[in-house]
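Sequence order for the protein chains is S and R. Using our numbering, you'd call the opening residue of the first sequence number 1 and step up by one each time. Using our numbering, you'd call the opening residue of the second sequence number 174 and step up by one each time.
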Amino acid sequence: MFINVKYIALLIIVFFITGCQEDLMPSNDPIESTSVSREGEVIDDLLFTFSDGSSSSISERLSTHDAVVLYFTMWCPICDAHMTHIRSQIQPQYSNVDFIFVDYISGSVVETMNVQRSSGYTDFNVIADTNNELEAYFNGTMASTIIINKNFLVKLNGLFKTGNEIKSVLNKL
Amino acid sequence: MNPTQQVDMPIPEVPANHGYGIGLFFTLVLFIFGFSPASNAASCCGGGASSGIILPKFNDAMIDMGFSNETYNGFWTNTGQYKDDPKGSNLLQRRLNVSYAYRLADQWQLSVGMPLVDNQNTYSGEQSSVQGLGDMSLSLWYEAFEKVTCVYRINGWESLKPSIYLGTSLTLPTGISPYSDRVDSSFDITGLGFYRLDANIIIEKTVYPYSLSWQGQYGYAFERPVNQEYGQGVSPYNKQLGNRNASTFSAAYTWFLPNLSMLTMTASHSELEEKSARYDGIKDTSSGLEKTTLGLSFAYSNAIRDWIYKVAINQANEGNNIPKTQIITMGVSHVY
């Protein structure tokens, strides 16, 4: 029996393409999110554990700052680019804001401090989210950026883009 | 075109390991140059490009299958500084690339490439394993030459005429991207999520046993709407990756074996640059990338040149804003 390989190959290709429709036809229609982002919500007074072993609550951080900005990092190339941008381009303009990186991947305080040092961010506050509590609470992932104002209201929960989105929120505080 | 020439051409759209949320990064993909039947003066016309395989001159169709193993070892920051991965990290992506090329006319050919991706990550204690289809590609090539240009010796200016291929390729966002609803975290990524159109050119000259080639590519990524990120609805915005350009020089040497088969060794040097991405037209200054890659490959073809077996290694040498990777590829092609 003669098998036409050409048509079999085309059939296989069409089969795979038809199973991948969503990104082939992207949409800008707003969609309901089934996961929790907490943007627009007043949140709990969460407790942070930092890489140096100290602890501090959101209320304590907000007692001396107008807002808290959290950036979720896994110390990757993109993360490094974003963190560098935050440290050099955004933080200096907002001395009244508490910028904190959240390490949700290292799994321990010691390991968070180790990777923080090796990545060159010893001069920055880093939370060791060892039990992934913050990750679950905010549905965070790599480059998630969360801004919390003095009223414990989440003003932003989204992926870092250009940094302008952070400035836009902070300017309105 | 010498089929066994190995050209290392960086490819963005094989979204690499999630360990870096690497749907956003580009990885290098090996190019394997196919080989044409000796009955047609062993046309070196046939092979591979970053935008699809290339059918040998005078052949009707070709199937190519390659298995790649890509390992990650640190990354370069946006200032070019090298940094190690977190301790205990082990990032690996395997790809099975299946490609098919078909001749439309004497000087026109079409090809399609389909990558199947397997990501295996251990990153700072967290483990993940994800498999799926990557971003597919469609390529159209025009052969700006009618006769085989591979020669055994130079007899006048006519024998110096190179093979020139002009082509265009379209990358389809068939992989799982950060913007699909099938993903929960950066570990689930197998695609970039963008359509990209590339203009390609290959210039090659073979005077046996030596071959030289240059490959150029310029790609434009289409802007797309985004309404969700990692399965979470977001306020809609438009995103566009930066335009990119790539250039690869390669040199090859062919050994003619006693049983009329051939073995070709190819060395290559590739440069890739991608400009910054834009969000609603605003440039993301923390994006964009550059990468330099060195490659070495061997390809063996049988006496009648319808089966080609290939092995290659590509090593990133330097870069900006991109992981440091090594890719080992084994593949086989069959022409009809």
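Glycine is no exception: its CB is placed at the ideal position from the N, C-alpha and C atoms. The structure displayed is predicted, hence computed values, not measured ones.
Cβ of residue i within 8 Å of any chain S Cβ
i	result
Phe198/R	Here the model assigns Phe198/R a pLDDT of 24, short of 50, so the residue's position is not dependable, and the following value carries that caveat. Taking Cβ atoms only, chain S reaches closer than 8 Å to Phe198/R, which makes this a yes.
Gln401/R	yes
Tyr413/R	Here residue 413/R is Gln; the residue named in the question, Tyr, does not match the sequence. Not closer than 8 Å to any Cβ of chain S, the Cβ of Gln413/R fails to qualify, so no.
Gln405/R	yes
Gly207/R	Summary for Gly207/R: the model assigns pLDDT 27, below 50, so the residue's position carries little reliability; its value from the coordinates is reported in the next sentence. So no, Gly207/R is outside the interface.
Pro335/R	no
Leu345/R	yes
Thr464/R	Note that residue 464/R is Lys in the sequence shown here, rather than Thr. For Lys464/R, the answer is no, since every Cβ of chain S falls outside 8 Å of its Cβ.
Pro364/R	Residue 364/R is actually Gly in this sequence, not Pro. Interface residue, yes.
Ile486/R	no
Tyr338/R	no
Ser284/R	no
Gln409/R	Residue identity differs from the one stated: residue 409/R is Pro in this sequence, not Gln. So, interface residue.
Supposed close pair residue i, residue j - CB separation, criterion 8 Å
i	j	result
Val508/R	Met235/R	5 Å
Val290/R	Gln254/R	About 29 Å; that fails the 8 Å criterion.
Thr130/S	Thr49/S	7 Å
Ser386/R	Ile374/R	Between Ile374/R and Ser386/R the Cβ distance is about 11 Å, and since that is not below 8 Å, they are no contact.
Pro259/R	Trp75/S	6 Å
Leu174/S	Ile31/S	This structure cannot speak to residue 174/S, because chain S is shown only from 1 to 173.
Gln405/R	Ser37/S	6 Å
Thr112/S	Ala136/S	No, Thr112/S and Ala136/S are not in contact; Cβ-Cβ is about 17 Å, not under 8 Å.
Val321/R	Lys230/R	5 Å
Lys483/R	Ala472/R	4 Å
Asp23/S	Ser408/R	The pair is not a contact, with the Cβ atoms about 19 Å apart (cut-off 8 Å).
Met309/R	Val324/R	Met309/R to Val324/R, Cβ: 36 Å. No contact.
Span of the beta strand (DSSP E) around residue i
i	result
Ile236/R	Ala234 to Trp249
Asp103/S	Val97 to Asp103
Thr49/S	Leu47 to Thr49
Asn171/S	Unbroken run through Asn171/S is the alpha helix (DSSP H), Asn164 to Asn171; no beta strand (DSSP E).
Ala143/S	That residue, Ala143/S, is in no beta strand (DSSP E); it is neither H nor E in DSSP.
Gln388/R	Tyr383 to Ala394
Ile226/R	Gly225 to Ile227
Ile374/R	Arg369 to Val380
Pro398/R	Arg397 to Glu402
Thr344/R	Ser336 to Leu345
Gln191/S	Outside the shown range of chain S, which is 1 to 173, sits residue 191/S, and nothing can be said about it.
Leu269/R	Asn263 to Ala278
Lys155/S	Val154 to Leu159
Phe422/R	Arg417 to Phe429
Thr122/S	Here Thr122/S belongs to no beta strand (DSSP E), and DSSP marks it neither H nor E.
Thr73/S	Ala67 to Thr73
Cutoff 8 Å: residue i Cβ touching any chain R Cβ
i	result
Pro174/S	There is no way to answer for residue 174/S, as the model of chain S reaches only from 1 to 173.
Lys155/S	no
Gly158/S	yes
Asn123/S	Before going on, a small fix: residue 123/S reads as Asp here, not Asn. With 8 Å as the cut-off, Asp123/S does not count as an interface residue toward chain R.
Val115/S	yes
Asn164/S	yes
Leu170/S	no
Ala128/S	no
Val109/S	no
Lys161/S	yes
Met1/S	Interpretation of Met1/S is limited by its pLDDT of 49, a score under 50 that renders its predicted location unreliable; the figure taken from the coordinates is listed afterwards. Not an interface residue.
Ser118/S	yes
Ser88/S	no
Asp80/S	yes
Ile105/S	yes
Bounding residues of the alpha helix (DSSP H) (the contiguous stretch that carries residue i)
i	result
Ser63/S	Ile58 to Ser63
Ser118/S	Val109 to Ser119
Pro409/R	Not the alpha helix (DSSP H): Pro409/R falls in the beta strand (DSSP E), residues Gln405 to Gln413.
Thr84/S	Pro77 to His85
Chain B contact for residue i (CB, 8 Å cutoff)
i	result
Tyr352/R	The structure shown contains no chain B; the protein chains it does contain are S and R.
The segment 241-274 of chain R: positions lying closer than 7 Å to chain S by Cβ: Phe248, Thr250, Asn251, Lys256, Asp257, Pro259, Lys260 and Tyr273
Against chain S: residues of the segment 382-399 of chain R by CB proximity under 9 Å: Arg397, Pro398 and Val399
Whole beta strand (DSSP E) runs in the segment 296-331 of chain R with 3 or more residues, listed along the chain? 299-306 and 309-316
Please identify, using Cβ separations under 7 Å, the residues of the segment 424-439 of chain R that lie next to chain S, in order along the chain. none
Which residues of the segment 49-77 of chain S have a Cβ closer than 7 Å to any Cβ of chain R? Give them in chain order. Met74, Trp75, Cys76 and Pro77
Residues of the segment 135-150 of chain S whose Cβ lies closer than 8 Å to any Cβ of chain R, in chain order: Asn139, Thr141, Met142 and Ala143
Ignoring anything shorter than 3 residues or poking outside the segment 448-499 of chain R, list the beta strand (DSSP E) runs there in chain order. 462-474 and 480-493
Which residues, in order along the segment 452-483 of chain R, keep a beta-carbon less than 8 Å from a beta-carbon of chain S? Tyr452, Ile455, Lys456, Asp457, Thr458, Ser459 and Ser460
Short-range partners of chain S found in the segment 489-508 of chain R, where Cβ spacing is below 8 Å: Asn494, Ile495 and Pro496
Which residues of the segment 23-45 of chain S have a Cβ closer than 8 Å to any Cβ of chain R? Give them in chain order. Asp23, Leu24, Pro26, Ser27, Asn28, Asp29, Pro30, Ile31, Glu32, Ser33, Thr34, Ser35 and Ser37
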